[in-house]
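Chains as they are written, first to last, in our numbering: chain A, 349 to 453; chain B, 81 to 303.
Built from N, CA and C at the ideal position, the CB exists for glycine as well.
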């Protein structure tokens, strides 16, 4: 059985994070809290070369989720993917270390 | 600071991948020791939440004067809360997901992990530790000095990461190194202010809401 009580706060936190992110996207650009300007590295490269040059940098791979152009959907999928990946990796670390510990005992 | 594909030369790309993978292996091994404690398993859902927070904050850009924008990198922040080695793994995972959306290249994932996870996470953690060593000589409460040290540490770490990122780009030869370094450091001196404020506020909030989540107090030498 899944112990829901144990995961109650993390689940609430995830829902709150998704809600806050949606709200930030929705009203952030309108109020000017957020910006679509290039970030530091992009700005530096545009200043030195040009925007066309930056856009023309070749990549051998097409980003798998690059087709999602809706910020809300991309945000939700990204958050959920991050959580699944992180929990899987740290659960694996925990499993291996406990197995190692019980073997030593 | 997400390096796209095609900007770094093959040698720099491979070398930084090797360094990043080595750091990830060490991180995996170091965390194995931490997770031998029965209670540590409780932390896993919160680590997931923290990673989601980093992803969300990296997703949205705040405006910076001069026609640029910044977003949280979060390496030092994760380093202070969960430790430097956890920061490398968390940042690597966040960067993998972002590269799937086209934010940061897939071949440049090693370089991005090195800049944000190793320099930002491990470097930032030890900068914070050094600042706390000075703060420990004062009467400041830990709920005040740790967030302030985190803010200063994140600022220094982000500018340092930008400096190193400039070197990596310069080695590729597409852009002269001196120009790449100057441009990267200049913009990140401005962008780093946001990183410092957000990181300091999150650590302050964690101290208020769930201080037991900060598992690095002994490692940081907080007194």
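Of the candidates B:219, B:159, B:112, B:112 places its Cα closest to the Cα of residue 448 (chain A). Residue 144 (chain B) carries a strand assignment under DSSP once its states are collapsed to helix, strand and coil.
The DSSP-derived three-state label of residue 85 (chain B) is coil. Interface annotation, residue 417 (chain A): not in contact with chain B, CB-CB separation never under 8 Å. Of B:184, B:152, B:174, the smallest CA-CA separation from residue 428 (chain A) is found for B:174. For residue 391 (chain A), the enclosing alpha helix (DSSP H) starts and ends at 388–396. Residue state for residue 383 (chain A) is assigned as coil, using DSSP reduced to three classes. Excluding its 5 nearest sequence neighbours in each direction, residue 107 (chain B) has C-beta neighbours in its own chain below 6 Å: 165, 168, 169, listed in chain order.
For residue 407 (chain A), the secondary structure class from DSSP, reduced to helix, strand or coil, is coil. Distance check between residue 281 (chain B) and each of B:241, B:255, B:234, B:297 places B:234 closest, using alpha-carbon atoms only. Residue contact with chain B for residue 378 (chain A): absent (no Cβ-Cβ distance below 8 Å to any residue of chain B). When DSSP states are grouped into helix, strand and coil, residue 190 (chain B) belongs to the helix group.
Counting every other CB atom within 10 Å of its CB across the protein chains shown gives residue 383 (chain A) a total of 16 or more, marking it as buried. In chain order, 96, 97, 100 place their CB closer than 6 Å to the CB of residue 190 (chain B), counting only its own chain and leaving out the 5 sequence neighbours on each side. Taking the Cα positions, residue 186 (chain B) is about 42 Å away from residue 453 (chain A). Counted as a single uninterrupted DSSP element, the alpha helix (DSSP H) harbouring residue 110 (chain B) occupies residues 90–114. When DSSP states are grouped into helix, strand and coil, residue 150 (chain B) belongs to the strand group. The Cβ-Cβ distance between residue 134 (chain B) and residue 154 (chain B) falls below 8 Å. Boundaries of the alpha helix (DSSP H) around residue 244 (chain B): 222–252. Inter-residue distance for residue 440 (chain A) and residue 201 (chain B) is about 22 Å (C-alpha atoms, whole angstroms). Assigned with DSSP and collapsed to three states, residue 202 (chain B) falls in helix. Rounded to the nearest angstrom, the gap between the Cα atoms of residue 380 (chain A) and residue 277 (chain B) is 18 Å. A straight line joining the alpha-carbon of residue 157 (chain B) with that of residue 279 (chain B) spans about 6 Å. One thing to note: residue 385 (chain A) has its Cβ within 8 Å of the Cβ of residue 147 (chain B). At a C-beta separation below 9 Å, residue 451 (chain A) has no neighbours in chain B, since its nearest C-beta there lies roughly 11 Å away. By the rule that beta-carbons nearer than 8 Å mark a contact, residue 448 (chain A) touches chain B. For the stretch 408–434 of chain A, there is no continuous alpha helix (DSSP H) assignment of 4+ residues that stays within its boundaries. The beta carbons of residue 257 (chain B) and residue 81 (chain B) sit no closer together than 8 Å. Only residues of its own chain outside the window of five on either side were considered, and among them 82, 83, 175, 184 have a CB closer than 7 Å to the CB of residue 192 (chain B), listed in chain order. Remark: C-beta atoms of residue 212 (chain B) and residue 301 (chain B) approach each other more closely than 8 Å. Identification of residues in the stretch 95–108 of chain B having a C-beta nearer than 8 Å to some C-beta of chain A yields 108, given in sequence order.
Within the stretch 122–146 of chain B, 124, 125, 126, 127, 128, 129, 131, 132, 133, 135, 136, 139, 140, 141, 142, 143 place their CB atoms closer than 7 Å to a CB of chain A, listed in sequence order. A distance below 8 Å between beta-carbons, with the five flanking residues on each side excluded, links residue 92 (chain B) to the following residues of its chain, in chain order: 191, 248, 251, 252.
Closer than 9 Å at the C-beta level to chain B, one finds these residues of the stretch 357–373 of chain A: 357, 358, 359, 361, 362, 365, 366, 368, 369, 372, 373.
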